[in-house]
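Report on the structure given below.
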Amino acid sequence: MVGIHELLLHSLGSGTFETLSDFKMPHCGFFYCLKSKTMEQNQTTNLWPTRLLVALAVYITSLIAANTLGIKLMPFFFGTHLSVAVFSFPVVFLMTDIVGEIYGKRVARQFVIAGFASTALFVFYTILSNLMPWSGDKAASWAHASYDVIFGVTARISIASLLAFVIAEYQDVIAFFFFRKKFGSEHFWIRSNLSNIWSQFLDTVIFTLVAFIGIYPWPTLVAIIFPWWLYKVVMGFLYTPLSYVGLKLLKPRAV
């Protein structure tokens, strides 16, 4: 093993340090710095950052799934119809509550920024792909019409989706920590669902108005907003047990 003196002489000989006075030991001490560096390397293999990345993957996947699969409607009660996005979109808001509960408001906001950036990038790729002309290959002609229908997202719908998401998600984080300040660290399910009620209302109203105002009359807009908001709130409530599973999986273990 090369000693510290040999390293010093090698540095002087190679011109790294012109004189001995140019060489300064770290304030923390040579061996202590080596120990600190080893500790930092060990921390990078810790399970918690990995679990947080898994949570981010679930968050972004649920968000993209809601935006792409939501075009499909399924029959619901009393002759109404419901988007299949109702299964994935509540997970987005629950995930920021779970992450905020354990890692704090700053990390929850970083999740929102990551979600906004990923959605904006996805929309950009979608618009770019739609602008590209189709090839004359007849083998791909069967997908032409279906592709244009599914991914033919208008600029207005894209703007409505991004605007509603970023405002509602930031409000969800703010509301969650507001209720945490009021109720303390207990009763996570109450704080999560109260913030979900408010943020889902904002998301539904903003998206519907930006996307469809001037296209549908006000009675139709109201008929869209309230059932869709209610469905998302109910699904968020039904997902509450899963949020406790998420809390358990993300919470650091006692050393």
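Under my numbering, read the sequence shown as residues 62 to 316, first letter to last.
We treat Cβ as the ideally placed atom computed from N, Cα and C, and that holds for glycine.
Among the options, which residue has its Cα nearest to the Cα of residue i?
| i | options | result |
| --- | --- | --- |
| leucine 130 | Ile274, Arg241, Ala118 and Val147 | Val147 |
| phenylalanine 287 | Ile274, Gly275 and Val266 | Val266 |
| leucine 182 | Ile121, Gly275 and Arg241 | Ile121 |
| phenylalanine 154 | Ile276, Ala221, Val210 and Gln232 | Gln232 |
| valine 145 | Ser256, Phe237 and Trp289 | Trp289 |
| threonine 187 | Pro278, Ala127, Phe212 and Pro302 | Phe212 |
| valine 210 | Asn191, Asp198, Ser196 and Ile274 | Asn191 |
| leucine 299 | Leu189, Trp203 and Pro151 | Pro151 |
Using the beta-carbon count (16 or more within 10 Å), is residue i buried or exposed?
| i | result |
| --- | --- |
| valine 115 | exposed |
| valine 294 | buried |
| tryptophan 250 | exposed |
| methionine 135 | exposed |
| serine 256 | buried |
| glycine 297 | buried |
| isoleucine 276 | exposed |
| glutamate 247 | exposed |
| threonine 157 | buried |
| glycine 307 | buried |
| phenylalanine 240 | buried |
| phenylalanine 268 | buried |
| aspartate 264 | buried |
Going by DSSP in three states, residue i sits in which element: helix, strand or coil?
| i | result |
| --- | --- |
| proline 194 | coil |
| isoleucine 274 | strand |
| serine 246 | coil |
| serine 20 | Absent from the structure is residue 20, since the part of the chain shown begins at 62 and ends at 316. |
| proline 313 | coil |
Is the beta carbon of residue i less than 7 Å from the beta carbon of residue j?
| i | j | result |
| --- | --- | --- |
| serine 179 | serine 149 | no |
| leucine 143 | tyrosine 292 | yes |
| arginine 20 | leucine 311 | Look at the range of the chain in this structure, 62 to 316, and you will see that residue 20 is not part of it. |
| alanine 127 | valine 234 | no |
| phenylalanine 237 | glycine 165 | no |
| asparagine 304 | isoleucine 163 | The sequence shown places serine at residue 304, not asparagine. No. |
Taking 6 Å as the cut-off, is the CB of residue i close to at least one heavy atom of the ligand ATP?
| i | result |
| --- | --- |
| tyrosine 305 | The ligand ATP is not among the ligands present in this structure, which contains no ligands whatsoever. |
query: How do the stretch 221 to 236 and the stretch 166 to 177 stand: do at least 3 beta-carbon pairs fall below 8 Å, yes or no?
result: yes
message: Count Cβ pairs between the stretch 253 to 263 and the stretch 204 to 219 that sit closer than 8 Å; are there 3 or more?
response: no
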